[in-house]
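Chains as they are written, first to last, in the working numbering: chain A, 57 to 234; chain B, 201 to 684.
We treat Cβ as the ideally placed atom computed from N, Cα and C, and that holds for glycine.
Please read all numbers here as calculations on a predicted model, not as lab measurements.
Below is one structure, written out as structure tokens; the observations come after it.
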């Protein structure tokens, strides 16, 4: 998903840059029928508008038809393991931290003091999923860990001076607890 | 009453007021850039200062930039809107005075009270610092924001009254009657009035929501036993914050509508797509804020779906009306490029391009793995640093020189350095977000240091270029005219 977001952003931003450069390069020159050029441009704008609307509808259905977040609020899939996690300034309290590969794990997140962000990383540069941990509420996040290994949890909602040090580890082990 | 008699009077005090805004605005922008660059250097492990000081810099940079963007945007709006309606110089100065009181309180909160709760003051963090800052420091910060908010509210109420006096109602000034009517358009309704009306509507509501949540925060700071619903507070804070920061660029864009036609000798008048886009944006800017709360799974699903869909829709007016309209206006127009115009056209690119990663981040599936990573400062720096800042600079330079700017090699070098280094600065943030690097970390893990170091180098270049452009503007400020 991250690669798709990055690549798509670069392509679309480059397209916008190209249009700007093309127009800017010719702006100091005159030529042609300005009125006719403007009419053509506005016709194209109408087409682009409808194209953007159609693309938006397609994008919305493609990304929302199947609800994008497993376990959002009310879980529909019964998890194999439930881990209750509480965020405190500045530590995570997890009632268990070891699971098996392939298990569907439901994290039930809350916080005792301020808002925290519960983000699970496979390594330092690949986030698997995240949710917020908020006082007075429980957010449910379902994650299936396909590979064994250590998954680091970082706090991604600024929560005070030791925010960057608020971490935990989810251990995914072939012989982990069930 | 004729339009001529409704415009504001150009008095020496009005000119002085504008000069004050520009000089204070540029100075604060530069100081906050230094704070931001210093925080980036802390992340790069190049500035050996403790993490708590880093978070203070982060808080200062955020609060200062949001505040000064609002003030500078308001100055541009006041500068042009007063040609069509009668605005009070006293109210304009009252906004500045109250904001300066707020700034002093915020500086005291951070510098003396060690407050480092980020500019978003996310409830209940101001009241719960684990003893690292005290209740008075938190209250000074929150109270400072209240003062600034009151100042802005006075200004917007003055604008609202002036618009209603001249055009009859805010709906008429927004062009709703014409948009939904069947008659020919009255193209004498200036784009400036339409944009100004939109900003007045959204920011009065945004600031009122902000006032409510700031007062609730103040109560919680001094009476910790009185608590509020954290989700409600989050909604109020992000509604206020989103509306306020978006309004800055919608105020600044008035400069584009007013100035570009003077270079191209082609009028920029209202049209039905123009009115439709501003009417839509009025609603979208207020309703889209749940895209900040996509990772709060207890939010109602319809609200997060609304957040995603409206995020997408909000890009259409920017891209297809404002940016596209500007490109059509300048295309083969025979204009003469100079520094103000370069900055203004570049700012439209920064705004339009920055919308793309913002929309992508607003897709829930993407947000699940990119929310609160550096992708977020990546996209908002794109449309603020490369959109809002050059838009403001270009407009203020124009106010000093009109189309008679004599461009030097230093101007061109500063412009290109600002643009290229600024883009590099933003792309490094975006690349960091792509690789999962968290935002708002004062201490970065070894794997992330490269991004922070590249970003720091780019930040220094941006700062140097901005300093040159800022000094060029200040040097010409005495020549400013309100009728430019």
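Is the shortest distance between the beta-carbon of residue i and the beta-carbons of chain A less than 9 Å?
{"i": "residue 569(B)", "result": "yes"}
{"i": "residue 544(B)", "result": "no"}
{"i": "residue 501(B)", "result": "yes"}
{"i": "residue 615(B)", "result": "no"}
{"i": "residue 573(B)", "result": "yes"}
{"i": "residue 278(B)", "result": "no"}
{"i": "residue 453(B)", "result": "no"}
{"i": "residue 612(B)", "result": "no"}
{"i": "residue 469(B)", "result": "no"}
Where does residue i fall in DSSP's three states?
{"i": "residue 183(A)", "result": "strand"}
{"i": "residue 458(B)", "result": "helix"}
{"i": "residue 143(A)", "result": "strand"}
{"i": "residue 312(B)", "result": "coil"}
{"i": "residue 129(A)", "result": "Model confidence at residue 129(A) stands at a pLDDT of 49, short of 50, so the residue's coordinates are unreliable; what they give is reported in the following sentence. Residue 129(A) falls in the coil class under three-state DSSP."}
{"i": "residue 249(B)", "result": "coil"}
{"i": "residue 323(B)", "result": "coil"}
{"i": "residue 203(B)", "result": "Here the model assigns residue 203(B) a pLDDT of 46, short of 50, so the residue's position is not dependable, and the following value carries that caveat. Residue state, collapsed to three classes: helix."}
{"i": "residue 121(A)", "result": "coil"}
{"i": "residue 479(B)", "result": "helix"}
{"i": "residue 201(A)", "result": "coil"}
{"i": "residue 290(B)", "result": "helix"}
{"i": "residue 578(B)", "result": "helix"}
{"i": "residue 175(A)", "result": "strand"}
{"i": "residue 191(A)", "result": "strand"}
{"i": "residue 134(A)", "result": "coil"}
{"i": "residue 196(A)", "result": "strand"}
{"i": "residue 517(B)", "result": "helix"}
{"i": "residue 157(A)", "result": "coil"}
{"i": "residue 557(B)", "result": "helix"}
{"i": "residue 448(B)", "result": "helix"}
Along chain A, in chain order, which residues have C-beta atoms closer than 8 Å to that of residue i?
{"i": "residue 328(B)", "result": "145, 169, 170, 216"}
{"i": "residue 630(B)", "result": "62, 65"}
Going along chain B, which residues have a C-beta under 8 Å from residue i?
{"i": "residue 191(A)", "result": "324, 430"}
{"i": "residue 82(A)", "result": "531, 532"}
What residues of chain A sit near residue i, judged by a beta carbon separation below 9 Å?
{"i": "residue 528(B)", "result": "79, 93, 94, 97, 98, 101"}
{"i": "residue 653(B)", "result": "Neighbours of residue 653(B) on chain A: none; closest Cβ ~16 Å, over 9 Å."}
Against chain B, does residue i count as a neighbour if the rule is that its beta carbon must be under 9 Å from one of theirs?
{"i": "residue 87(A)", "result": "yes"}
{"i": "residue 206(A)", "result": "no"}
{"i": "residue 162(A)", "result": "no"}
{"i": "residue 150(A)", "result": "no"}
{"i": "residue 121(A)", "result": "no"}
{"i": "residue 129(A)", "result": "Only weak support exists for where residue 129(A) lies, its pLDDT of 49 falling under 50; the coordinates are left without a value."}
{"i": "residue 221(A)", "result": "yes"}
{"i": "residue 173(A)", "result": "yes"}
{"i": "residue 109(A)", "result": "yes"}
{"i": "residue 209(A)", "result": "no"}
{"i": "residue 90(A)", "result": "yes"}
{"i": "residue 159(A)", "result": "no"}
{"i": "residue 225(A)", "result": "no"}
{"i": "residue 153(A)", "result": "no"}
So residue i is in the alpha helix (DSSP H); what residue range does that whole segment cover?
{"i": "residue 219(B)", "result": "212-243"}
{"i": "residue 602(B)", "result": "Unbroken run through residue 602(B): none, as it is neither H nor E."}
{"i": "residue 412(B)", "result": "391-422"}
Using a cut-off of 9 Å between C-beta atoms, extract the partners of residue i located in chain B.
{"i": "residue 198(A)", "result": "Within 9 Å Cβ-Cβ: nothing; residue 198(A) doesn't reach chain B, min ~10 Å."}
{"i": "residue 133(A)", "result": "Ordered by position in chain B, no residue passes the 9 Å Cβ test against residue 133(A), which lies about 15 Å from the chain."}
{"i": "residue 187(A)", "result": "495, 496, 497, 568"}
Under 7 Å Cβ-Cβ, which residues of chain B neighbour residue i?
{"i": "residue 182(A)", "result": "636"}
{"i": "residue 125(A)", "result": "497, 564, 568"}
Residue i lies in the beta strand (DSSP E); which residues open and close that run?
{"i": "residue 469(B)", "result": "Element bounds for residue 469(B): n/a, residue is neither H nor E."}
{"i": "residue 205(A)", "result": "205-211"}
{"i": "residue 163(A)", "result": "160-167"}
{"i": "residue 223(A)", "result": "223-228"}
Residue i touches chain A at which residues, Cβ-Cβ below 7 Å?
{"i": "residue 536(B)", "result": "84"}
{"i": "residue 332(B)", "result": "216, 217"}
{"i": "residue 505(B)", "result": "120"}
Identify the contact partners of residue i in chain C, using a Cβ-Cβ distance below 9 Å as the criterion.
{"i": "residue 203(A)", "result": "Included in the structure are the protein chains A and B, with no chain C among them."}
For the ligand NAP, is there a heavy atom less than 8 Å away from the beta-carbon of residue i?
{"i": "residue 215(A)", "result": "What this structure holds is no ligand at all, so the ligand NAP is not there to describe."}
> For the segment 61-78 of chain A, which residues have a CB atom closer than 8 Å to at least one CB atom of chain B, in sequence order?
Replying inline: So the list reads 61, 62, 64, 65, 68, 69, 72, 73, 75, 76, given in the order they occur along the chain.
> Using a Cβ cut-off of 9 Å, which residues of the segment 420-448 of chain B contact any Cβ in chain A, in chain order?
Replying inline: For the segment 420-448 of chain B, which is checked against every Cβ of chain A, the residues closer than 9 Å are 427, 429, 430, 431, 434.
> According to a CB-to-CB cut-off of less than 7 Å, which residues of the segment 486-499 of chain B neighbour chain A?
Replying inline: Those residues of the segment 486-499 of chain B that come within reach of chain A (Cβ to Cβ, closer than 7 Å) are 495, 496, 497, 498.
> Taking a cut of 9 Å between CB atoms, which residues from the segment 511-522 of chain B lie near chain A?
Replying inline: Flagged, chain order: 512, 513, 515, 516, 519, 520, 521.
> In chain order, what residues of the segment 638-649 of chain B put their CB closer than 9 Å to some CB of chain A?
Replying inline: For the segment 638-649 of chain B, which is checked against every Cβ of chain A, the residues closer than 9 Å are 638, 639, 640, 641, 642, 643, 644, 645, 646, 647, 648.
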